[in-house]
Amino acid sequence: METVESKHSLCVTPIVGWIDPPEAAEPSGLELNLEEVEAAFAVPLEYFAREENCVEKYSVEWSGGEFVVRTYLFEDGERH
Numbered sequence: 000m001e002t003v004e005s006k007h008s009l010c011v012t013p014i015v016g017w018i019d020p021p022e023a024a025e026p027s028g029l030e031l032n033l034e035e036v037e038a039a040f041a042v043p044l045e046y047f048a049r050e051e052n053c054v055e056k057y058s059v060e061w062s063g064g065e066f067v068v069r070t071y072l073f074e075d076g077e078r079h
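Using numbering that gives the first Met the number 0, the first residue of the sequence shown is number 0, and each one after it goes up by one.
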């Protein structure tokens, strides 16, 4: 996935990974480089599979293609 510029002029690089065992991905166990990363959090993948968790959905044209943009709000209380 490529880095994109958000509508608020932020560079966003989506990163998706599979970590085994899953407990190793808990934000409290990560060492962050605070010069590069402001916060880390984990969201279960099944959260995105449930349509009722999508609070906004619209299409945009960009670089010759049409893309669906979805917005999800997730709070789990553990943000590092």
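Glycine is no exception: its CB is placed at the ideal position from the N, C-alpha and C atoms. Only a predicted model underlies this, so the values are computations on that prediction, with no experimental measurement involved.
Simplified DSSP state of residue i, which is helix, strand or coil
| i | result |
| --- | --- |
| Pro16 | Position check: residue 16 holds Gly in this sequence, whereas Pro was assumed. In the structure shown, Gly16 sits in coil (DSSP, three-state: anything other than H, G, I, E or B). |
| Phe47 | helix |
| His79 | Summary for His79: the model assigns pLDDT 45, below 50, so the residue's position carries little reliability; its value from the coordinates is reported in the next sentence. Coil, per DSSP. |
Close-in-space but distant-in-sequence residues of the same chain around residue i (CB under 6 Å, 5 per side omitted)
| i | result |
| --- | --- |
| Ser8 | none |
Whole-angstrom C-beta distance between residue j and residue i, which should lie under 8 Å
| i | j | result |
| --- | --- | --- |
| Val68 | Val54 | That belief does not hold up - the Cβ atoms of Val68 and Val54 are roughly 12 Å apart, past 8 Å. |
| Ala24 | Ala38 | About 15 Å; that fails the 8 Å criterion. |
C-alpha distance - residue i paired with residue j, whole-angstrom precision
| i | j | result |
| --- | --- | --- |
| Trp17 | Asn32 | 21 Å |
| His79 | Glu30 | Low per-residue confidence applies at His79: pLDDT is 45, beneath 50, and the placement is therefore not dependable enough to give any value. |
| Leu44 | Ser62 | 28 Å |
| Arg49 | Glu35 | 31 Å |
7 Å CB neighbourhood of residue i in its chain, flanking five on each side removed
| i | result |
| --- | --- |
| Asn52 | Tyr46, Tyr71 |
Same chain only: Cβ atoms within 8 Å of residue i, ignoring 5 sequence neighbours per side
| i | result |
| --- | --- |
| Glu4 | Cys10, Val11 |
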